[in-house]
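**Q** With full-length UniProt numbering as the guide, the letters of the sequence shown map in order to residues 1 to 193. All C-beta atoms, glycine included, are put in the ideal place defined by N, C-alpha and C. Only a predicted model underlies this, so the values are computations on that prediction, with no experimental measurement involved.
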Amino acid sequence: MTTPTTRAEPAGGGGRTNYDEGMSPTESGFPCSIARVTELIGDPWTPLVLRDAVLGVRRYEDFHRNQRISRNALSRTLRKLVDAGVLTTRLYQDNPPRKEYLLSPKGRELFGVLSAMIAWGDRWLDDGAGPPVVLRHSACGLDVRADSVCSGCGEPLDAARVEFRLGDDFPADLAERPDVTLRFAGRSSASHD
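Okay, structure coming up:
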């Protein structure tokens, strides 16, 4: 399986990444949750805006000040997240009208994705100074890191102990394609040396 490479978006572009294949990952005809999530939060600014939203930032000017992002890029990112139902808006001032951005339940569930990014970055992109931010579980007071565990038995998950299978709602016409059959022929998700 090859991963599409991206080219830089033209200045003032419409917010869509140009892929060598001429389509986005979700337009490839192959249903994939990773492609869908990447299309939503895979640009450089969206995870940082979400991080700030998790930390309680709500107002446009505060997002702008924290990120040092261009106003056009910030507006585009916030609009995308609102359109996707990840953020909601609420008017906090009438004249001139100003709104704040709040995480929706859908947006709050992205915390797991962000905390996994933190854990991976702390482990593999550490500059030797240790984690720049530590997560503390409010209920018990202990510092924690994101771990993937089986929702059935509680065992830790890693690529060597997981198999992908087609879900019940996977399109039947796609399930017969040779590339799909090869991907999901009872293989584990990764081979290790």
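Closer than 8 Å is the cut-off here; do at least three beta carbon pairs connect the stretch 66-73 with the stretch 42-55?
**A** Cβ pair count under 8 Å is three or more, so yes.
**Q** As an exercise, report each continuous alpha helix (DSSP H) stretch of at least 4 residues that is fully enclosed by the UniProt domain "HTH hxlR-type" (32-129), in chain order.
**A** Runs found: 33-41, 46-54, 60-67, 71-83, 105-108, 111-124.
**Q** Closest to S148 by C-alpha separation, out of R65, S104, L78, G112, would be which residue?
**A** The shortest C-alpha separation from S148 is found at G112.
**Q** Return the chain-ordered list of same chain residues with a C-beta closer than 8 Å to the C-beta of V37, the five sequence neighbours on each side being excluded.
**A** The residues are V113.
**Q** For L103, which residues of its own chain have a beta-carbon under 6 Å away from its beta-carbon, when the five flanking residues on both sides are left out?
**A** Taken in chain order, the residues that qualify are A53.
**Q** Report, in whole angstroms, the separation of the C-beta atoms of P171 and P31, which I expect to be a contact under 8 Å.
**A** Between P31 and P171 the Cβ distance is about 7 Å, and since that is below 8 Å, they are a contact.
**Q** Quick one: grab the DSSP three-state call for R177.
**A** R177 falls in the coil class under three-state DSSP.
**Q** Here's the rule I'm using: 16 or more other beta-carbon atoms within 10 Å means buried, otherwise exposed. How should L174 be labelled?
**A** Result: exposed.
**Q** Look at the alpha carbon of D193 and the alpha carbon of R161, and state the distance between them as a whole number of angstroms.
**A** In this prediction, D193 has a pLDDT of 47, which is less than 50 and means its spatial position is unreliable; nothing more can be read from the coordinates.
**Q** With 16 other CB atoms within 10 Å as the buried threshold, where does T77 fall?
**A** Under this definition T77 is a buried residue.
**Q** So, at 6 Å on beta carbons, what are the nonlocal neighbours of E9 in its own chain, with the 5 sequence-adjacent residues on each side left out?
**A** The pLDDT assigned to E9 is 38, lower than 50, so where the model puts this residue is not dependable, and the model offers no usable value.
**Q** Do A119 and R145 count as a contact pair if the criterion is CB distance below 8 Å?
**A** Yes, these two residues count as a Cβ contact at 8 Å.
**Q** Please classify R183: does DSSP put it in a helix, a strand, or coil?
**A** Residue state, collapsed to three classes: helix.
**Q** Name the DSSP bridge partner or partners of P156?
**A** Per DSSP, V149.
**Q** From the DSSP output, which residues share a beta bridge with D143?
**A** D143 pairs with R136.
**Q** Taking L55 as the reference, which of A84, N95, G107, G85 has the closest Cα?
**A** Comparing Cα-Cα distances from L55 to each of A84, N95, G107, G85, the minimum goes to G107.
**Q** On the criterion of 16 or more Cβ atoms from any shown chain inside 10 Å, does I34 qualify as buried, or is it exposed?
**A** The residue in question, I34, is exposed, as its Cβ has fewer than 16 Cβ neighbours within 10 Å.
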